[in-house]
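Asker: These protein sequence lines map, in sequence, to chains H and B. Under my numbering, the first sequence has 61 at position 78, and the numbering climbs by one with no breaks. Under my numbering, the second sequence has 1464 at position 78, and the numbering climbs by one with no breaks. Beta carbons: idealized from backbone N, C-alpha and C, even for Gly. If you scroll down you'll find the structure; I have some questions about it.
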Amino acid sequence: KQEVTQIPAALSVPEGENLVLNCSFTDSAIYNLQWFRQDPGKGLTSLLLIQSSQREQTSGRLNASLDKSSGRSTLYIAASQPGDSATYLCVTGTASKLTFGTGTRLQVTL
Amino acid sequence: DARVTQTPRHKVTEMGQEVTMRCQPILGHNTVFWYRQTMMQGLELLAYFRNRAPLDDSGMPKDRFSAEMPDATLATLKIQPSEPRDSAVYFCASGLNIYGYTFGSGTRLTVV
Chain H
-16 KQEVTQIPAA LSVPEGENLV LNCSFTDSAI YNLQWFRQDP GKGLTSLLLI QSSQREQTSG
44 RLNASLDKSS GRSTLYIAAS QPGDSATYLC VTGTASKLTF GTGTRLQVTL
Chain B
1387 DARVTQTPRH KVTEMGQEVT MRCQPILGHN TVFWYRQTMM QGLELLAYFR NRAPLDDSGM
1447 PKDRFSAEMP DATLATLKIQ PSEPRDSAVY FCASGLNIYG YTFGSGTRLT VV
């Protein structure tokens, strides 16, 4: 059974800092790994998708890496902004199942 | 951008009433999931469809919940009769194999 763990569970940083969110998973037989953000009371917004054959993806200030052999992914956020405050979810996908990480609640302060 | 559309966005109903939630997946996506999110349980899988066929509904209370895909453009989740413990946000997600999944904005259900 796939288990996805995210560290840290919560993080508070001042605006402008670069930060790294960590995700680890127990079963490397995945199709892909997605990073989502969820704002309070809102749905899940896909940030980055890394297919199993890829090592990383970049979008703007976000960069995500995937190391299937070690069961790890990281989400790097450069020059953080208050608008980045949200819960970030790492999600592994197979043909028939999505497994959600435990989440990291990020607060970026002025 | 293509999006998954869920209706209604909010629903308040009395205990015992029937509730129907609808989802329009992205055109061309062959996989649809229904999830429920609560503060206590997080995201729970309720049902999963591939090419409109239900493949996994083991997470769904069978006595009161039912999920269907009458056609490729519509997935429905029904609760009959509804109970206060069903209060949650219900999400639909659609995807295509390895290309990841897109979530709808959810239906916030309150059963009083």
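Which full runs of the beta strand (DSSP E) of 3+ residues lie inside the region 1437 to 1473 of chain B, going along the chain?
Answerer: Within the region 1437 to 1473 of chain B, the complete beta strand (DSSP E) runs of at least 3 residues are 1439 to 1442, 1451 to 1457 and 1460 to 1465.
Asker: Tell me, please, whether the CB atom of LEU81(H) is closer than 9 Å to any CB atom in chain B?
Answerer: yes
Asker: Which first and last residues belong to the beta strand (DSSP E) in which GLY76(H) is found?
Answerer: Per DSSP, GLY76(H) belongs to the beta strand (DSSP E) from 69 to 76.
Asker: Please list, in chain order, the chain B residues whose beta carbon lies closer than 9 Å to that of SER29(H).
Answerer: GLY1486, TYR1487, THR1488 and PHE1489
Asker: Just to confirm the assignment, what range does the beta strand (DSSP E) spanning ARG1408(B) have?
Answerer: 1405 to 1410
Asker: On the three-state DSSP scale, how would you describe TYR1434(B)?
Answerer: strand
Asker: Does chain B have any CB closer than 9 Å to the CB of LYS25(H)?
Answerer: At least one chain B Cβ lies under 9 Å of LYS25(H).
Asker: Could you tell me which chain H residues have their CB closer than 7 Å to the CB of GLY1492(B), listed as they occur along the chain?
Answerer: GLY26
Asker: By the DSSP assignment, the beta strand (DSSP E) with HIS1415(B) in it spans what residues?
Answerer: No beta strand (DSSP E) holds HIS1415(B); DSSP gives it neither H nor E.
Asker: For ALA12(H), which option in ALA69(H), LEU45(H), ALA(-8)(H) and SER36(H) has the closest C-alpha, if you only look at C-alpha atoms?
Answerer: SER36(H)
Asker: Bridge partners of THR41(H), per DSSP?
Answerer: ASN46(H)
Asker: Would you kindly work out how many angstroms separate the C-alpha atoms of ALA1458(B) and THR70(H), rounded to a whole number?
Answerer: 32 Å
Asker: Among all the DSSP beta bridges, which residues are the ones paired with ALA12(H)?
Answerer: Per DSSP, none; premise fails for ALA12(H).
Asker: List the residues of chain H that PHE1477(B) touches, going by C-beta distances under 8 Å, in chain order.
Answerer: GLY26 and LEU27
Asker: Spatial neighbours of SER(-5)(H) within its chain, please: CB distance less than 6 Å, with the 5 preceding and 5 following residues excluded, ordered by chain position.
Answerer: Hits under 6 Å: GLN90.
Asker: Just grab the DSSP bridge partners of TYR59(H) for me.
Answerer: VAL3(H) and ASN46(H)
Asker: Using DSSP with H/G/I as helix, E/B as strand and the rest coil, what is GLY66(H)?
Answerer: Note: GLY66(H) maps to helix in three-state DSSP.
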